[in-house]
Amino acid sequence: MKTCWPQAILIALISLGLQGCKRTALPGELSQALREGTEFELISLDPMDNKDSTAPDRLSTFLILGRTTMVDKETRDALVRSIEHSTLPRTVFLACIFEPRHVVRVKQKGESFDFLICFACGELYVNKGGKRAGEFLFDRKDKNLFNKVFTDAGLKLAPQ
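Number 156 in our numbering belongs to position 156 of the sequence shown; there are no gaps in the numbering.
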């Protein structure tokens with residue numbers, strides 16, 4: 001009688017390894033929109049300006065300081081990689097006020113996806129069509145990358 005233990009162990013290890021290869025906590029639809037979106041826009045917000053929350057230049061009640069379309073594929077890919085690698089499952093409640101200053105808006109198949117990033121809290125909120133589609137923890141390691149991309153694109157940044 002032949003034993004299959006070595007093969008079973010090998011298959012189990014490969015399966016576990018593949019499970020660990022998932023690059024992001026973003027659900028498939030959100031990750032796909034981020035990677036395959038046809039339009040890619042950067043939006044800079046000032047979350048502290050709440051003078052007129054009904055003004056037309058706002059996103060989720062936050063004042064829009066500026067916006068620009070992203071066309072450089074290399075920079076876009078760097079931001080997508082950063083968002084995917086920095087997004088973590090929400091495992092704890094943070095006692096922090098969500099005040100995003102960076103937004104990446106992607107359009108895919110007629111839908112708009114807003115990735116709102118708060119580096120102060122380390123959180124990412126994703127809205128699909130203006131409605132909340134997910135809340136995640138977000139690693140702050142690439143804050144300087146986002147600041148540089150936004151300022152290089154001519155966008156003003158709110159005080160941080």
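Here a beta-carbon is modelled for each residue, glycine too, at the ideal position from N, C-alpha and C. Keep in mind the model is a prediction, meaning the values are calculated, not measured.
Unbroken alpha helix (DSSP H) run spanning residue i, endpoints
i           : result
arginine 81 : 73-86
glycine 28  : 28-36
C-alpha distance - residue i paired with residue j, whole-angstrom precision
i              : j                : result
isoleucine 83  : lysine 51        : 30 Å
valine 71      : histidine 102    : 17 Å
arginine 140   : serine 31        : 19 Å
asparagine 144 : lysine 109       : 31 Å
threonine 61   : aspartate 46     : 10 Å
alanine 33     : phenylalanine 40 : 10 Å
cysteine 96    : cysteine 121     : 6 Å
Element boundaries [beta strand (DSSP E), containing residue i]
i                 : result
glycine 66        : 62-69
phenylalanine 119 : It is not in any beta strand (DSSP E) - phenylalanine 119 carries neither H nor E in the DSSP assignment.
phenylalanine 152 : Per the sequence presented here, residue 152 reads as aspartate, with phenylalanine not at that position. It is not in any beta strand (DSSP E) - aspartate 152 instead sits in the alpha helix (DSSP H) that spans 143-152.
arginine 132      : 131-138
phenylalanine 40  : 39-46
lysine 107        : 102-108
Cβ shell of residue i (< 8 Å), same chain only, five flanking positions each side left out
i          : result
glycine 66 : Ile43, Ser44, Gly154, Leu155, Lys156
Contacts around residue i, its chain only, beta-carbon distance under 7 Å, and the 5 residues preceding and following it disregarded
i             : result
lysine 128    : Glu111, Phe113
aspartate 142 : Ser82, Ser86
Sequence-distant residues of its chain with Cβ nearer than 6 Å to residue i (five each side left out)
i            : result
aspartate 49 : Leu63
Cβ of residue i within 8 Å of any chain B Cβ
i            : result
threonine 38 : Checking the listed chains, one finds no chain B in this structure; it contains a single protein chain.
With 16 other Cβ atoms within 10 Å as the buried cut-off, status of residue i
i            : result
valine 126   : buried
valine 149   : buried
arginine 132 : exposed
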